[in-house]
Every structure is written in C-alpha cells, then in structure tokens.
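Here is the structure we will look at, set down as structure tokens.
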Amino acid sequence: MIVYLFDFFERSEFISLRLIFTRMAKKVLIPIIILTVISFWSCNSRSGKTLFTLQNNSDIGVDFVNNVTETNKTNVFAFRNFYNGGGVAIGDLNNDGLNDVFLTSNQGGNQLYINKGNFKFENTTQKAGVKGTKYWSTGATFVDINGDGWLDIYVCHSGNGPAATRGNELFINQHDGTFKEEAKKYGLEDNGLSTQAIFFDYDNDGDLDCFVLNNSFRPIESFDFSKNLRDIYDNLGGARLYRNDNGHFTNVTKQAGIYSSDIGFGLGVSVVDINQDGYPDIYVSNDFFERDYLYINQKNGTFKEDIQNRTGHLSLASMGSDIADINNDMQYDIFTTEMLPEGDKRLKKMTSFESYDVNKLKQRDGYFNQYSQNCLQLNNGDNTFSEIAFYSGVGATDWSWGALMFDMNNDGWKDIFVSNGIYKDLTDQDYIEFLGNRDNMEKLTQKEKFDYRDFTKKMKSTPISNYGFINNKNFTFSNKAEELGLSKPSFSNGAAYADLDNDGDNDLVVNNVNMPPFFYKNNTNASQNHFIQIKLQGDGLNRFGVGTTIKVFNKNTSQIYYNQPTRGFQSCTSPNLITIGMGKNQLADSVQIIWPGGKYQTVKKVAANKVYTFKNANAAGQYNFEKKAPKPLFKEIAKSLFDSIPHHAEDDFIDFDNEKLMIQKLSNENPYMASGDLNDDGLADFYFGSSKGNPGSIYMQQKSGKFKLYTPDEFKNETYLENGPAVFGNFRSNGHQDLIVTVAGNADEAGTPVYFPRFFTNDGKGHLTRDRTKTIHAAVNASVITACDYDKDGSLDIFIGGRSVPGLYGSSPRSYVFHNDGKGNFTDVSAKVLGANTRLGMITAAKWVDLDGNGYPDLVVTGNWMGIKIFMNNHGKFTEDKQLEGYKGWWGSLEVADVDGDGKPDIIAGNLGLNSKFQASATEPMKIYVKDFDHNGTKECITSMYKSDHVEYAFNMRPDLVSQMPLFKKRFLKYEDYAGKPFAEIFTPDILDSAEVHEINFLQSAIFINNGKNKYVCKPMPTRAQLAPINTILCDDIDNSGTKTIIMAGNSFGFKPEVGRLDASYGLCYKFTGGNYQYLEPAKSGIKLVGQVRSSLIIKNSTGVKYYLFGINDEALKVFGLQ
1 MIVYLFDFFE RSEFISLRLI FTRMAKKVLI PIIILTVISF WSCNSRSGKT
51 LFTLQNNSDI GVDFVNNVTE TNKTNVFAFR NFYNGGGVAI GDLNNDGLND
101 VFLTSNQGGN QLYINKGNFK FENTTQKAGV KGTKYWSTGA TFVDINGDGW
151 LDIYVCHSGN GPAATRGNEL FINQHDGTFK EEAKKYGLED NGLSTQAIFF
201 DYDNDGDLDC FVLNNSFRPI ESFDFSKNLR DIYDNLGGAR LYRNDNGHFT
251 NVTKQAGIYS SDIGFGLGVS VVDINQDGYP DIYVSNDFFE RDYLYINQKN
301 GTFKEDIQNR TGHLSLASMG SDIADINNDM QYDIFTTEML PEGDKRLKKM
351 TSFESYDVNK LKQRDGYFNQ YSQNCLQLNN GDNTFSEIAF YSGVGATDWS
401 WGALMFDMNN DGWKDIFVSN GIYKDLTDQD YIEFLGNRDN MEKLTQKEKF
451 DYRDFTKKMK STPISNYGFI NNKNFTFSNK AEELGLSKPS FSNGAAYADL
501 DNDGDNDLVV NNVNMPPFFY KNNTNASQNH FIQIKLQGDG LNRFGVGTTI
551 KVFNKNTSQI YYNQPTRGFQ SCTSPNLITI GMGKNQLADS VQIIWPGGKY
601 QTVKKVAANK VYTFKNANAA GQYNFEKKAP KPLFKEIAKS LFDSIPHHAE
651 DDFIDFDNEK LMIQKLSNEN PYMASGDLND DGLADFYFGS SKGNPGSIYM
701 QQKSGKFKLY TPDEFKNETY LENGPAVFGN FRSNGHQDLI VTVAGNADEA
751 GTPVYFPRFF TNDGKGHLTR DRTKTIHAAV NASVITACDY DKDGSLDIFI
801 GGRSVPGLYG SSPRSYVFHN DGKGNFTDVS AKVLGANTRL GMITAAKWVD
851 LDGNGYPDLV VTGNWMGIKI FMNNHGKFTE DKQLEGYKGW WGSLEVADVD
901 GDGKPDIIAG NLGLNSKFQA SATEPMKIYV KDFDHNGTKE CITSMYKSDH
951 VEYAFNMRPD LVSQMPLFKK RFLKYEDYAG KPFAEIFTPD ILDSAEVHEI
1001 NFLQSAIFIN NGKNKYVCKP MPTRAQLAPI NTILCDDIDN SGTKTIIMAG
1051 NSFGFKPEVG RLDASYGLCY KFTGGNYQYL EPAKSGIKLV GQVRSSLIIK
1101 NSTGVKYYLF GINDEALKVF GLQ
C-alpha cells in the first residue's frame, strides 16, 4: 500500500519527493510512532441487540495482538507495506467438527487457537509448532496439500529483511495436534514479498496447484510509467503459479501466461470459474499504478489475461477482493476495495486525485481505466461486467482491506463486509505539504542525519469503523454496521468468516493492527432464517472438494456458491463447512453439486437447518458446461456495408485545462449523425460528424445496400472545426435536400463567428457546396439541430439547441428557433416560440412531435441541469407546458413514441442514471452556481451536493478551488480548514448573491406516459437502465408485435477523475407492456455496444431492411441488422 520511501535515500540520484507525492499522493505512507493502548479497545459487547456480538477475548481464551513496532531498520520509510496488517485462516484442523482459528502476526509470531466448543479457544501455538520462524507473516491459507484428509497451513512472508527471513512456510498436519514445516520439500518456499497464496486445481488433474501473490520489491519512484514492464519476468518479485507434479510444485508461471513482473503490486487474489466452463479463473487486485488482472483459463494449462475486454474500469489502488453472486442470477460478481472515503471531511483531507491529463497518459501507456473507488463488477452473463459500486452504495468505504461477500443473516442473499483502517493518517494532505517543504526535503535527503521519529510525531492516528452492507435484494446495499454490531472503530486488515459454534450461521474474525482481533458471534435465529450446511468429501488429492460449484434451487430464488476458501485480504474461510442461507424456505427444491472435472449430483427436497455431506464418489452424472446460446435478434453487419467502416477520432483538447472547476468535458460528444436522401434516389444517406482535425463525412447508400464515402471539398477545408449536429432538408423548396451543419465543442471563444451554422446547397445530383450567404448568424455551441414545418407554410424551420457557453460551464446558452422563408433564408423567431428567455439550459436533445394531436408539431427540449421543457404549438403559436419542468436532471437524450400501445405519444428520456458519485433528490438537490466570485472579470462555476449525512457540501476539491480562485487560499490555508465544511460556510449568502443557479433533483432515466389528457405519469426505468448515462434512444417495432422496443445506449468518459468513468452500459433493449418493463438480455438481443455511444439512426435499404446505426466517440461505427 505504501510508497517505498526508504529506497529514496539509497539512490545515487536525487528524485524530487514532490514528484513522488504528485504521482502517488494517495498511497504515500509517512512513518509513525506506535502507541499501543490495548485497554482502550476493551470489548463493548451488546448481546441481544445486534446481529453480531463482539466477544471479550479474555473470556474466550484469545490473547493475540498484532503489534508492529518501528525501529531504525524497520519502519515505513524502509518498508512500504509496514501497516498492511495480518491475516486470518479458519478451518477444522483436528477434524473434531469445530472450526479453529489461525492469526498471522507481522512481528510477534503467529498463533493457533483450537476451538474447544461454546466459543472457547485454546492457544496451542507452541505445541503445534506453527508460530513460524520468519520475519514478517502476511497471508495464511488452510489446505489439504497432500490429500490425507487433514488441513495443513501455508503462511506467506514479506518484509524488508534478507531473503532468508522471507521464505514462505508450509506446516504439514501430523494428525496429533502438531505440524511439521516442509515448504522447501514441496517446492513452495517462495521468497518474494508474498501477500497471499491460493490453492486450486487449474488443470483439472485432481490435485491442488498453487498461486503465490507477491508484491514488487521496487520503490515506486524508480519506475518510468511510460514503459510497460508487464511482460518482463522478475526473478525476485512477481506472482508465481506452481503446478502440483505428484506432490512437488513446479514453477510454471511463464508457460502458463501469468504476469510476474516488478510492476505487480498484488494485494488480493480470488479464484472462481468466472465463465462457468468447468475451469477455474484467477482475479488479481494490484495496488498503485498497475491494473488488476483477470486470467481466463484456456483449458490447456495456460491463461489469457483479459480484463480490458471484460470490464470498463477498475479500482486504482486495489486491495482485497472477493467473488460471489450478489443478485442471485447464478453469475459470479467481483468486488474490490480501495481507499475512497465516504464522508466529506476525510475525503477532502485525506484524498488527492490524479489529473485528467495523467489519467489519460496512464490509459495510453496500457494501465487501463483506474479510479479511486471500490468496484463492484456485475456479471452480465456474456463475458462482460458492468461496474455498479456507486449504484449499489458500496463505492466508498475509506482505507479498506478485506472484502468478504457472504450471507450474514441467512436470508439467502450475499452481504458485504469491508475491513477498514490504517494505523496512521498516511495521506493527510496537510502533512504531505509539510513534508514537502524545502527544510524537510533537505532533512529527508541527508540519510546520515535522518531520524524518522522527527516526522512521525506530526501524524494522527484515526481508527474508523468497518462496513457491514446488507443486501437489499435489488442490486443495492445498505451499510448497517452499527445495527449489526460491527461499527467499533479499528485498524482492521485480514478477516474471515465461518461457523465457529455450529449453530448454522457465519461468525466473523477480524485481525487488527496494534489492537486485539475481533471475534464476532453471529446471533441469527435459525427459526426465522433457515440454512443448510454442506461438507464436501472429494477423492484423490482434493479431499475437501476445492473448486466445487454448489447450486441451490428454490421457487423464489436460486443461489450459486464456489468452494474456494481463500478470500478477501490475506485470509481464508473454512474449507470444511459451507453455510448457505435459505431465508424463509424450510426446504430447498434441489441442491446440485458440480465437482472439479465435471462429475455432478443433484439431491431434491433438501430440508433446512441440517448438515449434509456430499461425496464425489456418489456423483454419477457428467455435467455439460457447454451453453447453448440463443439465436439473437440482431447481428453486426457493418463489415458488409462499408469498404472502410466509418471511424470517429477524438482530438486532444482537455476542457479542464481552461476551467478547473467544471466537472464534465463537453468537447467529446461527437460523432453526431443525421440521415437524408442527398441524391434523390429514394435511398437514405447519412452524415457522420467529426472532431477537430478530421472532416465530416457523407455516406451515400447504393442500390446494393452498401454505402460509399463522399466528402465535400468544403468539409476537407474545415477540419479546424468541431463538426457538430446536422440536419438534411428541402430548405429551398426545390425538391432537393440541402444540409445544415452546426459547430460544436468547447474549445473556441464564445460568441465568435466560428460557431455559425453552415448551409450546404445540393445541386440536385447529390453534390454539396457551401453557400455563405445562407450562413446562420447564431454563434452557438450546438448539441442538436432539428427541422420541422411548425407553422404549416410548406417550408422547413429549424430549432438549434445550445449545449454550453464555451469557457463557462454551468451557464445556460441561448437556443434558437429560425423560421424559413421557403428559400433557405432564416429569421430568428426564438422569442416568439420559446418565450422571452431563450437561455433554456444546457441542451442535449430536442424533438418536434405532435403531442396533442392537433396536427401541429410541438417542441420537446431537455438537457443538463434543467427539466424537460414542452412548447405546445397551437396553429403556429406556442405556449410553454411546464408539467415536466420540475424533473430537473442531467438529461442526455429524448425520444417520443407510443411505447404502451394506446395510440398516444409518450416521452422517453435518458438521464445520467444512479451509478455515479452524484446524488440528488427533490429535497436534497445538486446545485451549480455561476458568478465572478473573485471579481477578476471571469466567471466560475461551483457545484454543491448533499452527502449521506444529509449535509450540503462543495463538490470541488480544495486544490481546484484555490487554483481557480486564489482568494480562497487565505480562508482555507490548510486542507483541514476546508474539509468537512458545509457549503453554506464556504459560500455564504452574500458570496452567492446574484449568481446564476441551476439544480438537479432527478437522475433516473424514465418514460413519461401520456395519459391522453396531455398529462404525463413518470415511470422510472428499471435498474439496468440506471447504471450509465443514456445518450441516445431508438424506438422500433422490431418483431412486428405492435409494441415498440426501446433501444438505448450511452456511457460517458468525460468526467474528472474524482468522478470517474460512467461505462456500465453495453446497450439496452426494453419493451413496456402492461405497465411494466420487459428486459431483453444481451445474449438474446445481440446488441453489444462498448464505449461512449453518442448517436443513433435507423436507415432502410432498397428492400425495406432496416439498419440500426450507432456512433461511438473515438471508435468505429456499429451497425446491426435483424436476423
């Protein structure tokens, strides 16, 4: 977790410590003085009031404390992982039917506690011979390595001592309460900086192989981040895969395709059959700048690392991990922990974020998309994952280590426990600034005079609560740590669960730094929530059935478990006894056991509240892992339509360089698309927009159904422009479709002629020429242009929506309505149509549609920081209908169609969704204020948001605030002065006076159902439609059922790193029938869209076959056709 600062002094060249902090500020560890006051941590048991009761360790026979003490040679300057803590392993070591507990200690010797029943334990460490002889113990795993039916103990070691003090230890069970250390004999004396080991049968040959997760030896500041070292094998560091060859383990890391480089900062490892093909896969969570790894088993002794093709983004400094099914859809989901604080005070005092520029460089250099947050990867069942941590409420849990997904209350749904805390506030931003001043920098470079204790006295020690998330059974979790009895402030690291008292529920053990471990007794009442417990008896050398899949089927829900004891952080759950919650079900319809290698058995009518033993020898069937994929409705067809598929290329402009307080880029919203018949052949052609540096394009449809590229000369000459939305139309009333192209983007100066929409005349043969006399004199950064004859005079008029005032995020730009005289000459009639205030908001979408059936098209408009505006057209005269104005959202798209089949047009509106750090409601809205706050002649924007404590705070971090407005540095000289301050204390009413203010109170995508009386009923869309921004919507009766299918796509990568990427969508298909949404799974729809989908079209070919086109920012066009 911690930067290897000690190496700084051993290097011959001087490296700026400031650079280290800039690059890795959130991981810098400052040395500390340990003050162990164990009496402070006396037990506060609240038996009977909470689900878990914290035991008094002296009462249950436990006297262990993982004390870590700094010395001149061993401190956080010498060893960056000094405060990573120890692990927990649980299992029945003596086969007496009771789970025993093993605790690792970094410096004081490991301890074994034999379970004597009734939650009493005996310390048998000395007798057992498992204290260990090595310097710094980390992870522990129980495994029957020799297949004798008795669990052995594998202990990992780390530390900054000589290699001889590090080699991992393997204690072989002698069946008499004693163990014999034989790691070298088995070939498992790995001498890396080992974090944890996990045992599994990766080649399905019947014995258990071993994966050892190591952490890099190298100091962080010694890396050149632009050089990808991932494929360079490191003999000292790096992970290791050992194949079990008749009881001796052979290093097969290279040939198996496992990365083992010195940029591997492994802190967590999980194994599960993620794609359910019968072979186990591996997930590795990496700290610091290296991305996580997801190794997919290739069934031939090798693995393919494939995380970039299966996920959208990852935790930046990944710690612990666990894999389990959180929504009972029989798919395995992935949870990783990080260090993002939940509360405003610790967030702004303890956290710094990478700049957008640095983030992009890391992506360019192969480190993928990483952000400071926990990640919950929802398995979509098609080899992709949607990251939903913020939707689920588990995205920010502070300095987190262990991640355990298990059923705490036996209701049949996995809950989440997160262990928290670091013994010193290592990333305190004020301390980092103190350390970085010139005098202290000089002290740090004078090794012979350096005394780490001079710096530790400045550091604070802040214990924080662990998190206990209860599954709400709807993809969301609620932190109930207080109600569960898990909220005692601590410095917790490794943790494991198991039934310690054989009462049918999972108890919990947590290892802490410089304080006693927590032993929690689970008080679940078996008469209220039932359970079954399973013991597995494998054959051969896998006696405990590691890698076995357990499926439990009930009428109301089904569950899947994977028997892999090693979970979380440096810890291991019981391999002997698996507890499965049944909720109110007193009987499981059936239980299916699928053994490694594919043998399986199914037992029906399994009664609850009993222990069952399943034997591999009784499994008679052979499981078929081949999944028969349904024939999807759509297939990709772009390759058959284009000689060269259209590809959008984004430019390098970064909005945040000009506006430090804006939170969203507006310059990456291409490609815009529009369709029309340019050459009057009855076939639809289309326009494809472009960012600066590339020309816009026209694709002419041929009779064959293919498309031919046509780029007008003027397009080639105007690559300095961001070619924005466009519209085809018979604007000159000559029977030929001309083209109007707007300018978009946020890079050019506001109000200048560069933003004027351009008019291209059609010569009747499909050739376009710019007519500068018809240039529309409206300097607008456009987001939409749409044409309609709103007054029925026979000529097409246009609406142009303003996206932003360039250089002034949050301020509402003007939008325009232009009346056409029939010859392509346009008159500004905006005030007549839109009213006196034509600054409608930050427009993203608009539709002309007859909502009330009077024969005249009405105008529906929406955008960011605004509601949905409806301008009703009464024979050419407009009045505003404000009934949807109150739904103020981050709206990104609109479609109007009859989705419920009642003959009346409904409004489908795509919003930001609920899967981000942003929170907003009617009572606690987000707000944005625009004003020249520092009176320097330039306006700025400030964003506020309520947090979980129901207090309104400034969203902006202190560095951005004081950089943009230095006057605030005087008021908030330190980070501590700014952190946790309510918004009203920072921006007082007098400061906010006369500011332009907008708000957001509704973030859900929704359908507004037309009830036939010009009134709309809001129907928020289901969960999956709330997991990412919806940028574009198509509605079509794809199956000729008379009911339209809603096809939606989106994502947004343009937010600052403190917000992260919103990338959980791969495209969605819904029908709205009977007042409910019917979801069409990706495997059935065939639509898969990766990236920021910005636009869409439906185009027919000469035979009436429809093409469904999707424009994706910085990617190739996707086209789907019905099969």
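Just so we're aligned, residue 1 is where the sequence shown starts under UniProt numbering, counting upward by one.
No residue lacks a Cβ here, since even glycine has one placed at the ideal position from N, Cα and C.
Computed from a predicted structure; not experimentally measured.
task: Tell me whether the beta-carbon of residue 285 lies closer than 7 Å to the beta-carbon of residue 1064.
output: no
- request: Report yes or no: do three or more beta-carbon pairs, one from the segment 618-629 and one from the segment 590-600, lie closer than 8 Å?
  value: yes
- prompt: When we look at the beta-carbon of residue 1042 and count the other beta-carbons within 10 Å, is it buried (16 or more) or exposed?
  reply: Exposed is the call here.
field: Proximity of residue 633 and residue 1085 at Cβ, strictly below 7 Å
entry: Yes, the pair counts as a contact, with Cβ atoms nearer than the cut-off.
query: So does the segment 767-784 actually touch the segment 708-716, counting three or more Cβ pairs closer than 8 Å?
result: yes
- prompt: In three-state DSSP terms, what is residue 481?
  reply: Residue 481 falls in the helix class under three-state DSSP.
Per-residue burial, residue 1103 [other beta carbons within 10 Å of its own, 16 or more giving buried]: exposed
query: Which two residues bound the contiguous alpha helix (DSSP H) that contains residue 359?
result: 356-364
message: Only counting the same chain, and skipping five residues up and downstream in sequence, which positions put a Cβ closer than 8 Å to that of residue 313?
response: 368, 369, 370, 371, 375, 387, 1060, 1061, 1063
query: If you drop the 5 nearest sequence neighbours on each side, which residues of the same chain put their C-beta closer than 6 Å to that of residue 1105?
result: none
- prompt: Taking the DSSP output, what are the residues bridged to residue 1106?
  reply: 1100
Pairwise C-alpha distance: residue 335 and residue 294: Each residue's Cα considered, the two are about 13 Å apart.
query: The alpha helix (DSSP H) with residue 310 in it runs from where to where?
result: 307-310
Cutoff 6 Å; reference residue 725; Cβ partners in own chain excluding five residues on either side: 672, 742, 782, 784, 785
message: Only counting the same chain, and skipping five residues up and downstream in sequence, which positions put a Cβ closer than 7 Å to that of residue 177?
response: Within the same chain, residue 177 has close Cβ partners 94, 124, 127, 128.
query: In or out: residue 70 buried (at least 16 other Cβ within 10 Å) or exposed?
result: Answer is buried; the Cβ neighbour count reaches 16.
Residue interval of the beta strand (DSSP E) (run including residue 197): For residue 197, the uninterrupted beta strand (DSSP E) segment begins and ends at 193-200.
query: With C-beta atoms as the reference, is residue 1001 less than 7 Å away from residue 909?
result: No, these two residues do not count as a Cβ contact at 7 Å.
task: Within 10 angstroms of the Cβ of residue 701, are there 16 or more other Cβ atoms? Answer buried if so, exposed if not.
output: buried
task: Go to residue 582, then tell me how far its beta strand (DSSP E) extends in each direction, as first and last residue.
output: 578-583
- request: Compute the distance between the beta-carbons of residue 1069 and residue 1047, then report whether it is under 7 Å.
  value: yes
field: Segments assigned beta strand (DSSP E), at least 3 residues, entirely inside the segment 274-345
entry: 281-286, 293-297, 303-305, 321-324, 333-336
task: Let me know if residue 53 comes out buried or exposed under the rule of 16 or more other beta-carbons within 10 Å of its beta-carbon.
output: buried
With 16 other Cβ atoms within 10 Å as the buried cut-off, status of residue 989: exposed
query: Anyone know if the C-beta pair for residue 1097 and residue 1026 falls short of 7 Å?
result: no
message: Going by the DSSP bridge assignment, what does residue 515 pair with across the sheet?
response: Answer is none; residue 515 lacks a bridge partner.
Beta bridge counterpart(s) of residue 62 as assigned by DSSP: Residue 62 is not bridged to any residue.
message: Please give the ranges of any beta strand (DSSP E) in the segment 872-922, keeping only runs that are unbroken, at least 3 residues long and fully inside the region.
response: 877-881, 893-897, 906-910
message: Contact defined as beta carbons within less than 8 Å: I believe residue 134 pairs with residue 165. What is the distance between those atoms, to the nearest angstrom?
response: 6 Å
query: How should residue 605 be labelled, buried or exposed, when 16 other C-beta atoms within 10 angstroms of its C-beta is the threshold for buried?
result: exposed
message: Measuring only the C-alpha atoms, how far is residue 46 from residue 488?
response: Because residue 46 carries a pLDDT of 38, less than 50, the predicted location of this residue cannot be relied on, and the following value inherits that uncertainty. Distance between the alpha carbons of residue 46 and residue 488: 11 Å.
Where residue 500 sits in the DSSP three-state scheme: Secondary structure at residue 500: coil, using DSSP grouped into helix, strand and coil.
- prompt: Smallest Cα separation from residue 817: which of 809, 811, 803, 859?
  reply: 859
task: Say whether the segment 182-200 touches the segment 237-249, bearing in mind that this needs 3 or more beta-carbon pairs closer than 8 Å, one atom from each stretch.
output: yes
field: Neighbour-count burial assignment, residue 1118, 16 or more Cβ in a 10 Å radius
entry: buried
- prompt: Expressed to the nearest angstrom, what Euclidean distance is found between the alpha-carbon atoms of residue 316 and residue 917?
  reply: 16 Å
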